[in-house]
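Residue numbers (the working numbering), protein chains in the order written: chain A, 3 to 115; chain X, 25 to 139.
For reference, the structure discussed in these notes is given below.
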Amino acid sequence: GNSVTQMEGPVTLSEEAFLTINCTYTATGYPSLFWYVQYPGEGLQLLLKATKADDKGSNKGFEATYRKETTSFHLEKGSVQVSDSAVYFCAQSGGTSYGKLTFGQGTILTVHP
Amino acid sequence: EAGVTQFPSHSVIEKGQTVTLRCDPISGHDNLYWYRRVMGKEIKFLLHFVKESKQDESGMPNNRFLAERTGGTYSTLKVQPAELEDSGVYFCASSQSPPIGNTIYFGEGSWLTVV
Numbered sequence: 003g004n005s006v007t008q009m010e011g012p013v014t015l016s017e018e019a020f021l022t023i024n025c026t027y028t029a030t031g032y033p034s035l036f037w038y039v040q041y042p043g044e045g046l047q048l049l050l051k052a053t054k055a056d057d058k059g060s061n062k063g064f065e066a067t068y069r070k071e072t073t074s075f076h077l078e079k080g081s082v083q084v085s086d087s088a089v090y091f092c093a094q095s096g097g098t099s100y101g102k103l104t105f106g107q108g109t110i111l112t113v114h115p
Numbered sequence: 025e026a027g028v029t030q031f032p033s034h035s036v037i038e039k040g041q042t043v044t045l046r047c048d049p050i051s052g053h054d055n056l057y058w059y060r061r062v063m064g065k066e067i068k069f070l071l072h073f074v075k076e077s078k079q080d081e082s083g084m085p086n087n088r089f090l091a092e093r094t095g096g097t098y099s100t101l102k103v104q105p106a107e108l109e110d111s112g113v114y115f116c117a118s119s120q121s122p123p124i125g126n127t128i129y130f131g132e133g134s135w136l137t138v139v
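This is the structure:
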C-alpha cells in the first residue's frame, strides 16, 4: 500500500541555519505530494505541494522537488527563523481520491535564536 | 470566509463515556474528511463524505466510532464508549468537488483526552 516515511526528529537548529527534512514515499501510480505544517496551538496548514514529477513546490522560503526516480520530496529552507518552529508533515494523495492523504509521522522543528 | 471549524477544541472524558466532535466545513465544500493523530503517531485517514454520503470509511478503527453528516453540511464524529487509546487529536478537513489544485483545508483539530 501507499506509505510515507519521514525523517525522524526532533530537529533543533539555530536561526539562519539550513534545513532539510527528508521524505520518501511508496505508491502505485503517481500521487500528488504535500508538505503540511502545524504551528503551536494551530491546525494543519498546507505549506507547499507538487502534482507531478520534477515539479517544485515553494512557499515562505521553503522548497521541495518531486523526484520520481528517488521517490522523494525533501523539504528545504536556506535560512530558518524562530517562527518556523513547528511540526512538519509530508503527505501524498492517492489516485482519484485527492482528499485521502497518507501522512508521514511528522518532524518537530525547533529553531533557537 | 470562515475556514473549517471544529468543536470542542479540547475535551477530557473518562473511559467509557461518550464524546461527540463536530466539524463545520468551508461553505460550499461537498467533500468532508476526518483524520486523527493518536499518541504522536502519523495522522491517519478515518473517512470521507461527499455531501451526506459516506464515500470511503475504510479508516474507521472500529464500531465505537460513528460519523454522520446529515443534510450534507456539518458532520459529527461520536466515540462511544471511549477508550484510553482513543486519545489524540481529531482533524476535520474539507474540499471542493473536485478539489481545486488538489487542495484540502484542515481545521485546528479537536484534542481528546480519555482518562
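Beta carbons are placed, not taken as given, at the ideal position from N, Cα and C, and that holds for glycine.
Quick one: what's A/Ser74 bridged to in DSSP? Counted from its first residue, the first sequence places residue 74 of chain A at position 72. Beta-bridge pairing links A/Ser74 to A/Thr26 and A/Arg69.
Hey, A/Val113 and A/Glu17: beta-carbon distance below 8 Å or not? Position 111 of the first sequence holds residue 113 of chain A. Position 15 of the first sequence holds residue 17 of chain A. Yes, the Cβ-Cβ distance between A/Val113 and A/Glu17 is below 8 Å.
Our contact map puts A/Thr28 next to A/Thr73 with C-beta atoms below 8 Å; I'd like the distance itself, whole angstroms only. In the first sequence, counting from the first residue as 1, residue 28 of chain A sits at position 26. In the first sequence, counting from the first residue as 1, residue 73 of chain A sits at position 71. Sure, about 7 Å apart at Cβ, within 8 Å.
Is there at least one Cβ from chain X nearer than 8 Å to A/Lys102's Cβ? The residue given as residue 102 of chain A occupies position 100 in the first sequence. Judged by the 8 Å Cβ criterion, A/Lys102 is in contact with chain X.
Look at the alpha carbon of A/Pro12 and the alpha carbon of A/Gly108, and state the distance between them as a whole number of angstroms. Along the first sequence, one-based indexing puts residue 12 of chain A at 10. Along the first sequence, one-based indexing puts residue 108 of chain A at 106. C-alpha separation (whole angstroms): 9 Å.
A/Asp86 in three-state terms, based on DSSP: Position 84 of the first sequence, counted from the start, is the residue given in the question as residue 86 of chain A. Reduced to three states, the DSSP call for A/Asp86 is helix.
Which residues bound the beta strand (DSSP E) around X/Leu108? Numbered from its first residue, the second sequence carries residue 108 of chain X at position 84. Premise fails: X/Leu108 is in no beta strand (DSSP E) and is neither H nor E.
Of the listed residues X/Gly95, X/Val138 and X/Ser77, nearest to X/Val103 (C-alpha basis): The sequence position of residue 103 of chain X within the second sequence is 79, counting from 1. The shortest C-alpha separation from X/Val103 is found at X/Val138.
Check whether the Cβ atoms of X/His72 and X/Ser118 lie closer than 8 Å to each other. Counting from 1 along the second sequence, the entry for residue 72 of chain X is found at position 48. Counting from 1 along the second sequence, the entry for residue 118 of chain X is found at position 94. With a cutoff of 8 Å on beta-carbon distance, X/His72 and X/Ser118 are scored as not near each other.
For X/Thr94, which of helix, strand or coil comes out of DSSP? Residue 94 of chain X sits at position 70 when you count from the first residue of the second sequence. In the three-state DSSP reduction, X/Thr94 falls in the helix class (H, G or I).
Does any residue of chain X have a CB that is nearer than 8 Å to the CB of A/Phe75? As a working note, residue 75 of chain A is residue 73 in the first sequence. Output row for A/Phe75: interface = no.
Determine the chain A residues that contact X/Ala117 at a beta-carbon separation under 7 Å, and present them in chain order. Working through the second sequence from its first residue, we reach residue 117 of chain X at position 93. In chain order: Gly101.
Going by the DSSP bridge assignment, what does A/Tyr41 pair with across the sheet? Locating residue 41 of chain A in the first sequence gives position 39, counting from the first residue. As far as DSSP is concerned, A/Tyr41 takes part in no beta bridge.
Pick from A/Lys51, A/Leu21, A/Gln8 and A/Gly3 that is closest to A/Asp86, judged by C-alpha positions: In the first sequence, residue 86 of chain A corresponds to position 84, counting from 1. The option with the nearest alpha carbon to A/Asp86 is A/Leu21.
Residue-chain proximity (X/Ile67, chain A), Cβ-Cβ < 8 Å: Taking the first residue of the second sequence as 1, we reach residue 67 of chain X at position 43. With 8 Å as the cut-off, X/Ile67 counts as an interface residue toward chain A.
With a cut-off of 8 Å, does the C-beta of A/Gly59 fall near any C-beta of chain X? Indexing the first sequence from 1 puts residue 59 of chain A at position 57. No, no contact with chain X.
Below 6 Å CB to CB, which residues in the same chain sit around X/Gly101 once its five sequence neighbours on both sides are set aside? The residue given as residue 101 of chain X occupies position 77 in the second sequence. The residue asked about is misnamed: residue 101 of chain X is Leu in this sequence, not Gly. Excluding residues within five positions, the ones whose Cβ falls inside 6 Å are Leu45, Trp58 and Ala91.
Take X/Thr127 and list the residues in its own chain whose beta-carbon comes closer than 8 Å to its own, dropping the five residues that flank it on each side. As a working mapping, residue 127 of chain X is identified with position 103 in the second sequence. By the criterion of a C-beta distance shorter than 8 Å, X/Thr127 is surrounded in its chain by Ser119, once the five residues flanking it on both sides are discounted.
Express the C-alpha separation of X/Thr29 and X/Val113 in angstroms, rounding to a whole number. Indexing the second sequence from 1 puts residue 113 of chain X at position 89. Indexing the second sequence from 1 puts residue 29 of chain X at position 5. Answer to the nearest angstrom: the Cα atoms are 14 Å apart.
Between X/Ile37 and X/Phe115, is the Cβ-Cβ spacing less than 8 Å? Walking along the second sequence from the start, residue 37 of chain X turns up at place 13. Walking along the second sequence from the start, residue 115 of chain X turns up at place 91. Contact: no.
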